[in-house]
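K.L.:
Could you have a look at this structure, given as structure tokens, before my questions?
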Amino acid sequence: MKHIKIKGLIAAVHTPLNKDFSINFNYIKKQVEYLSKCNISGVYVGGTTGEGLSFSVNERSKLFREWGNIIKDTNLIFIANISHKKQSSSSKLGIEAQNSGANFISSLCLDPNVNSPEKLAKWLKPILNTTPDIPYFYYESPKFSRKKIDMEDFLIIANKELKSLVGLKYNNTNLEMLKKCIDLNNRKYDILFGVDEMLISALELGCVGAIGSTYNFAGSLNNKIIENFNSNKKNLAIKLQKFSIKYIKIMSKYNYLPSSKIVMNEIGINCGLCRDKNNHLKNEEVKSLYHDLNKINFFKEIKI
Numbered sequence: 054m055k056h057i058k059i060k061g062l063i064a065a066v067h068t069p070l071n072k073d074f075s076i077n078f079n080y081i082k083k084q085v086e087y088l089s090k091c092n093i094s095g096v097y098v099g100g101t102t103g104e105g106l107s108f109s110v111n112e113r114s115k116l117f118r119e120w121g122n123i124i125k126d127t128n129l130i131f132i133a134n135i136s137h138k139k140q141s142s143s144s145k146l147g148i149e150a151q152n153s154g155a156n157f158i159s160s161l162c163l164d165p166n167v168n169s170p171e172k173l174a175k176w177l178k179p180i181l182n183t184t185p186d187i188p189y190f191y192y193e194s195p196k197f198s199r200k201k202i203d204m205e206d207f208l209i210i211a212n213k214e215l216k217s218l219v220g221l222k223y224n225n226t227n228l229e230m231l232k233k234c235i236d237l238n239n240r241k242y243d244i245l246f247g248v249d250e251m252l253i254s255a256l257e258l259g260c261v262g263a264i265g266s267t268y269n270f271a272g273s274l275n276n277k278i279i280e281n282f283n284s285n286k287k288n289l290a291i292k293l294q295k296f297s298i299k300y301i302k303i304m305s306k307y308n309y310l311p312s313s314k315i316v317m318n319e320i321g322i323n324c325g326l327c328r329d330k331n332n333h334l335k336n337e338e339v340k341s342l343y344h345d346l347n348k349i350n351f352f353k354e355i356k357i
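Count along the sequence shown from 1, add 53, and you get the number used in this note's numbering.
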């Protein structure tokens with residue numbers, strides 16, 4: 054499958070919720086407008102940041118349709134996350150994503166019995182055969198898949214078995230394996246890096262695109278990292294990267310996902326709370342989060 058590598062930042066978008074925890078489809082347009090102002094290249098819909106697995110297949114299908122309708126007249130790339138424990142449900146989501154105008158589909162493998170490159174390719178094959186014409190990124194994340202599979206070996210097998218696979222959403226700090234995946238088959242595969250606080254490391258190894266949750270609210274700042282790196286102003290890029298490490302550390306201290314939604318609300322993009330009530334912060338935690346972020350001038354630094 055022919056594929057032009059994605060350049061720039063892809064925001065792993067939040068799913069906006071109403072007070073009753075239903076999806077607030079009316080707010081997606083505001084997300085799109087803000088991301089466009091930040092010169093974001095595209096969106097990754099319904100992934101971990103978007104709490105995709107907290108929603109039903111029908112809800113996720115409607116989410117894909119709404120995103121497709123809203124961004125069809127923009128230049129934003131649309132990647133739909135179709136992860137599901139059941140292969141049949143993942144296949145259905147793939148069809149819905151394709152019908153919604155998604156440019157790409159992507160997924161984790163959540164089957165605990167899949168623990169090798171061969172088994173992974175075999176598990177994905179019937180899903181991708183359902184939608185052979187839409188390019189696919191495998192979502193490599195040991196944290197969320199609970200798997201340690203060699204991605205270089207997987208790509209070698211996938212080259213023969215999975216014709217629609219064009220690359221990886223690489224949420225892994227293993228830079229040695231990242232480099233091998235980038236260089237494989239004369240740099241055939243598009244490796245989108247997914248560890249925001251290590252963006253410079255990925256750029257040094259040859260990545261030209263990245264997917265991350267911080268690009269929802271700090272897209273402009275991270276674009277400056279890329280711009281300075283590409284202009285041989287590495288010291289400036291490193292300075293900005295160190296700042297990103299600071300705010301990610303602060304947000305992770307209070308539970309990163311709900312903290313990131315609170316940040317979105319603060320900058321005027323009201324995404325509501327997380328659907329999982331275990332991912333809600335107490336009032337005193339919210340106050341402490343604001344205090345710690347203001348201490349490093351966070352909201353001033355990310356302002357566009």
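Note that the Cβ used here is the ideal one computed from N, Cα and C, for glycine as well.
Taking C-alpha atoms, which residue in Glu112, Asn276 and Met304 lies nearest to lysine 340?
P.N.:
The shortest Cα separation from lysine 340 among Glu112, Asn276 and Met304 belongs to Met304.
K.L.:
Which residues in the same chain as aspartate 249 place their Cβ atom closer than 8 angstroms to its Cβ, once the five residues preceding and following it in sequence are excluded?
P.N.:
Answer for aspartate 249: Ala263, Gly265, Ser266, Thr267, Tyr268, Asn275, Ser297 and Ile301, listed in chain order.
K.L.:
Below 7 angstroms between beta carbons: does that hold for isoleucine 130 and glycine 103?
P.N.:
It is not a contact, given that the beta carbons lie outside the stated cut-off.
K.L.:
Quick one: residues in its chain with C-beta nearer than 8 angstroms to the C-beta of tryptophan 176, no 5 flanking neighbours on either side, listed in chain order?
P.N.:
The residues are Gln140, Cys162, Asp164 and Val167.
K.L.:
Is DSSP giving glutamate 104 helix, strand or coil here?
P.N.:
Glutamate 104: coil per DSSP, three-state reduction.
K.L.:
Whole angstroms is fine: what's the gap from leucine 293's alpha carbon to lysine 277's?
P.N.:
Those two C-alpha atoms are separated by around 8 angstroms.
K.L.:
Looking at C-beta atoms only, is the number of pairs between the region 250 to 262 and the region 200 to 208 that lie closer than 8 angstroms three or more?
P.N.:
Flag = no, the region 250 to 262 and the region 200 to 208 do not touch.
K.L.:
Could you give the distance in angstroms between the alpha-carbon of serine 198 and the alpha-carbon of asparagine 182?
P.N.:
Their backbone Cα atoms lie some 22 angstroms apart in a straight line.
K.L.:
What distance in whole Å lies between the Cβ atoms of tyrosine 97 and asparagine 134, which are believed to be in contact at a cut-off of 8 angstroms?
P.N.:
About 6 angstroms separates the two Cβ atoms, so the contact holds.
K.L.:
If you scan the region 214 to 253 from start to end, which runs of the alpha helix (DSSP H) of 4 or more residues do you find wholly inside it?
P.N.:
The qualifying runs are 228 to 240.
K.L.:
Report yes or no: do the region 99 to 119 and the region 65 to 75 share at least 3 C-beta pairs separated by less than 8 angstroms?
P.N.:
These segments touch.
K.L.:
What are the boundary residues of the alpha helix (DSSP H) that includes alanine 290?
P.N.:
Run containing alanine 290: 287 to 306, per the alpha helix (DSSP H) assignment.
K.L.:
Tell me the DSSP secondary structure of glycine 325 in three-state form.
P.N.:
In this structure, glycine 325 counts as coil in the three-state DSSP scheme.
K.L.:
Between leucine 231 and asparagine 225, how many whole angstroms is the CB-CB distance? I'm expecting something under 8 angstroms.
P.N.:
That belief holds up - the Cβ atoms of leucine 231 and asparagine 225 are roughly 7 angstroms apart, short of 8 angstroms.
K.L.:
Whole angstroms are fine: how far does the CA of arginine 328 sit from the CA of asparagine 111?
P.N.:
Those two C-alpha atoms are separated by around 16 angstroms.
K.L.:
Within the same chain, show all residues whose beta-carbon is closer than 8 angstroms to that of isoleucine 59, passing over the 5 residues directly before and after it, in chain order.
P.N.:
These residues qualify, in order along the chain: Ser94, Gly95, Ile130, Asp243, Leu245, Val261 and Gly262.
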